[in-house]
Structure formats: C-alpha cells, structure tokens
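Trainee: Before we start, here is the structure in question, set down as structure tokens.
Residue numbers (the UniProt record's numbering): 1 to 96.
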C-alpha cells in the first residue's frame with residue numbers, strides 16, 4: 001500500500017536527521033494518513049478512503065466530500081477518488 005493521500009496526492013518527502021553534533025543522515029517524512037469513511041450527500045452512502053489529516057480538514061472546510069471533489073483537480077486524485085467524483089457528477093446531473 002503506497003503512502004499517498006487519495007485526495008491531495010501528498011506523499012513521502014526526504015530530508016536529514018541532524019544530530020546535536022550536526023551529523024546528517026537521510027530520512028523520510030511520511031504524510032499523516034488515516035483510513036476514514038467519508039459520507040457523500042449525493043450518493044447517500046459512505047466512501048472509504050486513505051487520506052491525510054490535512055485533506056480531512058480541507059474536506060470539512062469546503063463543506064463535505066461532494067463539494068471538495070467538485071473543486072479538486074483530476075491530476076491530484078487517485079483512480080478510486082476519480083471514479084467517485086464521476087459517480088457524484090452523474091448523480092447530480094440526474095437530479096437536476
């Protein structure tokens with residue numbers, strides 16, 4: 001399982017551990033990923049995703065998964081998130 005956020009595309013970064021003696025060794029900074037079930041108002045069901053804590057805050061700030069995906073760039077989304085985005089768009093078009 002890759003350590004990449006499904007909504008924002010955030011992945012591991014690299015850097016240095018720096019000791020008190022200023023010795024530098026390489027390390028990885030991993031994103032804070034959580035397995036969550038986000039509710040879609042349009043679909044009326046929950047969608048399981050592995051997203052970063054930052055993405056969870058962004059979803060909440062934008063007013064839910066449906067609104068977040070509507071504004072999200074397709075290049076940043078995972079294949080499963082893209083599938084959900086198209087499913088939501090189709091359901092909203094059928095309602096209108």
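Beta carbons are placed, not taken as given, at the ideal position from N, Cα and C, and that holds for glycine. Since the model is a prediction, treat every value here as computed from it, not as a measurement.
Does the beta-carbon of residue 6 have 16 or more other beta-carbons within 10 angstroms, so that it is buried, or is it exposed?
Mentor: The sequence position of residue 6 within the chain shown is 6, counting from 1. Label assigned to residue 6: buried.
Trainee: Look up residue 19 in the DSSP assignment and say whether it is helix, strand or coil.
Mentor: As a first step, residue 19 must be located in the chain shown, where it is residue number 19. Residue 19: coil per DSSP, three-state reduction.
Trainee: Helix, strand or coil: how does DSSP classify residue 45 here?
Mentor: For the purposes of this step, residue 45 is identified with residue 45 of the chain shown, where counting begins at 1. Reduced to three states, the DSSP call for residue 45 is strand.
Trainee: So, at 6 Å on beta carbons, what are the nonlocal neighbours of residue 68 in its own chain, with the 5 sequence-adjacent residues on each side left out?
Mentor: The residue you call residue 68 lines up with position 68 of the chain shown. So the qualifying residues of the chain are 59 and 62.
Trainee: Looking at residue 36: is its Cβ nearer than 9 Å to the Cβ of residue 50?
Mentor: In the chain shown, counting from the first residue as 1, residue 36 sits at position 36. In the chain shown, counting from the first residue as 1, residue 50 sits at position 50. Contact flag set, yes.
Trainee: Leaving out the 5 sequence neighbours to the left and right, which residues in its chain are closer than 7 Å to residue 88 when beta-carbon positions are compared?
Mentor: By one-based count along the chain shown, residue 88 stands at place 88. Excluding sequence neighbours, residue 88 sits near 40, 42, 43, 66 and 69.
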